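Sequential numbering from 425 applies to the sequence shown in the working numbering.
Using N, Cα and C, we set each Cβ at its ideal position, and we do this for glycine too.
Remember, predicted model here, so these are calculated numbers, not experimental data.
One structure below.
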Amino acid sequence: MRLVIAITGASGALYLQRFLHHLDGKGHELHLVMSSYAKQVIHQELGTLAIPLEVQQYQEKSMMAPFASGSALFDAMIIIPCSMGTVGRIASGTSETLILRAADVFLKERRKLILVVRETPWNLIQARNIVTVMEAGACVLPAMPSFYSNPKTLEEVADTVVFRLLDQLGIESPNACRWQES
Ligand SMILES: Cc1cc2nc3c(=O)[nH]c(=O)nc-3n(C[C@H](O)[C@H](O)[C@H](O)COP(=O)(O)O)c2cc1C
Numbered sequence: 425m426r427l428v429i430a431i432t433g434a435s436g437a438l439y440l441q442r443f444l445h446h447l448d449g450k451g452h453e454l455h456l457v458m459s460s461y462a463k464q465v466i467h468q469e470l471g472t473l474a475i476p477l478e479v480q481q482y483q484e485k486s487m488m489a490p491f492a493s494g495s496a497l498f499d500a501m502i503i504i505p506c507s508m509g510t511v512g513r514i515a516s517g518t519s520e521t522l523i524l525r526a527a528d529v530f531l532k533e534r535r536k537l538i539l540v541v542r543e544t545p546w547n548l549i550q551a552r553n554i555v556t557v558m559e560a561g562a563c564v565l566p567a568m569p570s571f572y573s574n575p576k577t578l579e580e581v582a583d584t585v586v587f588r589l590l591d592q593l594g595i596e597s598p599n600a601c602r603w604q605e606s
């Protein structure tokens with residue numbers, strides 16, 4: 425799979441860390457962009473993000489990336505975690521950073537865009553922005569962990585969200601807990 429991964433300044437950098445952990449990087453082409461606030465949150469929550477060597481990284485303030493254009497063929501883009509600020513900027517189509525431009529491109533090209541949003545509670549502006557991006561074709565997959573698998577560690581809690589994301593991408597996750605199956 426040819427995948428764009430963005431991380432923004434919402435709490436939950438662990439979700440991206442676990443996503444990278446579960447993904448077999450060698451089987452996919454991975455392109456990563458971080459917002460400047462994402463770097464602050466990573467520092468606060470993880471110290472550092474372990475990024476596999478094969479992941480290609482890009483600057484947020486440069487459009488010198490293939491996925492800044494609809495001419496490049498990608499399978500999906502995920503923003504994990506996705507701040508409500510980024511949801512609002514996608515909803516208004518500002519397209520002013522590489523993350524926002526790429527999201528704009530994926531929507532206009534009708535490609536898969538998955539936003540792992542995290543904020544609670546929501547105000548009405550945020551709720552309306554969520555509706556706007558869904559109407560434009562985005563999949564909103566809130567970072568809402570589940571507990572019926574009795575997770576014992578923070579990593580296992582985060583995985584309950586990451587496994588649902590892998591499902592949306594059509595990537596097999598043999599370790600996922602499935603109700604009444606495993
Ligand atoms: C430690 C920390 C945690 C944050 N958590 C959230 C959050 O969970 N959700 C959110 O929407 N914004 C959160 N923010 C605020 C965003 O970082 C801020 O709105 C920023 O402008 C988002 O910009 P970006 O989307 O370009 O990264 C947090 C900020 C910090 C410093």
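Determine contact between the segment 529-536 and the segment 450-462, defined as no fewer than three beta-carbon pairs at a distance below 8 Å.
-> In short, these stretches do not touch, since the Cβ pair count stays below three.
Under a three-way DSSP split, which group does Y572 fall into?
-> coil
So the beta strand (DSSP E) H455 belongs to, where does it begin and stop?
-> E453 to M458
P490 - DSSP class collapsed to helix/strand/coil | helix
DSSP-derived helix/strand/coil call for M425 | coil
Throw me the rounded Cβ distance for the T584 and P505 pair, which I believe falls under 8 Å.
-> Not quite, the Cβ-Cβ distance comes to about 14 Å (not below 8 Å), so this is no contact.
If we call anything under 7 Å between Cβ atoms a contact, is V557 one with A526?
-> no
How many whole angstroms separate the CB atoms of V586 and V541, which I take to be in contact at a CB cut-off of 8 Å?
-> That belief does not hold up - the Cβ atoms of V586 and V541 are roughly 15 Å apart, past 8 Å.
Residues bridged to V557 by DSSP?
-> Bridge partners of V557: none, in fact.
Determine the burial state of G494: buried for a count of at least 16 other Cβ atoms within 10 Å of its Cβ, exposed for fewer.
-> exposed
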